[in-house]
Every structure is written in structure tokens, then in C-alpha cells.
Amino acid sequence: MDAEKAAEDESPATGPTPLVTAIQITLTEERGHIFGPLDLDLEAGGVTMLLAPASVPRTALLLALSGRMHLSAGTLTIMGHTNDPRATFKDSAVCCLDEIDEIAPAVTVRSIVTEYLRWNSPFFKWVPNADDAALEALCAETFGDVPLPQLGDFVENLPVVQQLLLKIALANIGKPPLLVVGRLDDVTSDDDQSQVLRRLVELGEHQSIIVGGTNRPPADWNIKVVDLHNMSAVPAYSTSGQEANA
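Residues are numbered in the numbering used here as their position in the sequence shown, beginning at 1, plus a constant of 8.
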């Protein structure tokens, strides 16, 4: 018994699973310095909000964290992949950024859902135009108690909450381990923004979610917050609603 106890005492303590470890990551382009050097340590699971003004640096960081942008310097490990954007790309999805999923005017919900279903089906499989059952299968988990749009609705005419949740559902069609969501700032109403965040918290029970935002979420939502208002400084970490320690 004593030997067993000693072995347990010597076993390494298990802590939170790391999602992102960034060491001195920097992005510089022809137009100049974008962000960094920046260090990050993000835990897997749930929702993590990168609290920063809507800006080119924040968008670039979100794209890098989803494997959609190469960095200029530093070490970035995401889900065990170090400086490997291609591997991160395969294990993640990103949405709600105009650079990624801006939807052209006069596109109906039926058209965009059908298009995504076809993109994500084997090339030899015929996928008919989306019907109500297909819409519900794709969107019900993301929308929760938010009403689904109608197939004939134009996406640009949908309420902003439905627009964002539709983009999230489309991006998340393959249920990857990591979902990156940008520009919650497009939701100007606090109530609407809370509605979208609540849906992300629900999704975060089954995958890791990183979201960009400018408003600190309510304290009781258990959203992890990283203060990045100065994207060339050491970030401050906190739980939603609590002031971060600089």
C-alpha cells in the first residue's frame, strides 16, 4: 500500500489541456508591423475571448490561430502542432470574418446551405437542393432556441443574430476540435451579442472556441478572457466579468 501511495505521489500532476502556446509570435507585412511579439497560453475546451478592439491586428491573430495566416517569427503550437498552419487548418474552422465568409448580396439561405453541403460531401455523392430537414440538421444545434431562418430568405436581410449563427453553423459543419469566431462587434445590440455568446458557450461544451470581442462578457458565463488591448505586450488573463491582472 505504501509503495502504491508513493507511486501516486510521484506521478505528474495533470493540469488543463493546452490549446494554444505562443512564444514571441510576430506578424510583419509589406505594409508594416501588424502585431507582436506576443505570448499566449490558452486552455482547450469552452470559450476563450480575445478582448481587443476590432482591428487588422486582431483579425490577423484570429487567422493565424486557425491556420489561415503564416507568422513572421516566433513559435506557435496549436493542438500539438508547432509552426504547422496546414495541420491547424485541417483541425479548425473560422467564421464571421469578411476575409473568409462574406456572403454576396441576393443569396438565399437555401443556396448557401446547399453550397456548403455539396462542398462537404464526397465528390461522387449527389446532394439535392437543401430542404427544411437539411436546414434543421445543419443549424439546429447552433441556433438552439433562436428561430431558424426560412430557406427562401435572403441572407443579407436576416436579423444580425441569425446571420452570425448561420455563418457559425456553416463553418462548423465538420465539427472540428477548434472553432474561431471573429467580429462579434458587428452585433451592436448588447442583447443580440449575449444571444450569440450564449450559443457559443453551448457549442463550447463539445469543442474549443476562440472568439474576438471588445466587450467583457458577464461574470457567470465562465468565458475565459485574454486582454489583448495592447497586442505588443504581455496579455492579461481572467474569467469573464472579472478584471484581469496586468
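Ideal Cβ positions, reconstructed from N, Cα and C, are used throughout, including at glycine. What you are looking at is a predicted structure, and each value in this text was computed from that prediction instead of being measured.
In this structure, the CA atom of Glu-38 is about 24 Å from the CA atom of Arg-191. With respect to the 7 Å criterion, Ala-177 and Leu-205 are not classified as neighbours on the basis of their beta carbons. By the beta-carbon neighbour count (other beta carbons within 10 angstroms, threshold 16), Asn-165 is exposed. Cβ-Cβ distances below 7 Å link Asn-128 to Ile-181, Gly-182 in the same chain, with the five nearest sequence neighbours on each side left out; the list follows chain order.
In the three-state reduction of the DSSP assignment, Phe-43 falls in the strand class, which pools E and B. One thing to note: Ile-33 has its Cβ within 7 Å of the Cβ of Gly-82. Non-local C-beta neighbours of Ala-114 in its own chain, meaning closer than 7 Å and more than five positions away in sequence, comprise Phe-162, ordered along the chain. As the crow flies, the alpha-carbon of Thr-85 is around 41 Å from that of Asp-139.
The closest CA to that of Leu-172, considering only Gly-160, Pro-185, Leu-186, Gln-203, is found on Gln-203. Beyond the five residues adjoining it in sequence on each side, Met-77 comes within less than 8 Å, by CB distance, of Leu-35, Ala-68, Leu-71, Pro-93 in the same chain, given in chain order. Within the segment 162-243, the complete alpha helix (DSSP H) segments at least 4 residues long are 168-179, 198-211, listed from N- to C-terminus.
Around the C-beta of Pro-61, fewer than 16 other C-beta atoms lie within 10 Å, and the residue is accordingly described as exposed. The C-alpha of Asp-228 is placed about 42 Å away from the C-alpha of Pro-130. Listed as beta-bridge partners of Cys-147 by DSSP are no residues whatsoever. A direct Cα-to-Cα measurement between Ser-63 and Ser-80 gives close to 19 Å. Comparing alpha carbon positions, the residue from Pro-226, Met-239, Thr-196, Ile-231 closest to Val-55 is Ile-231.
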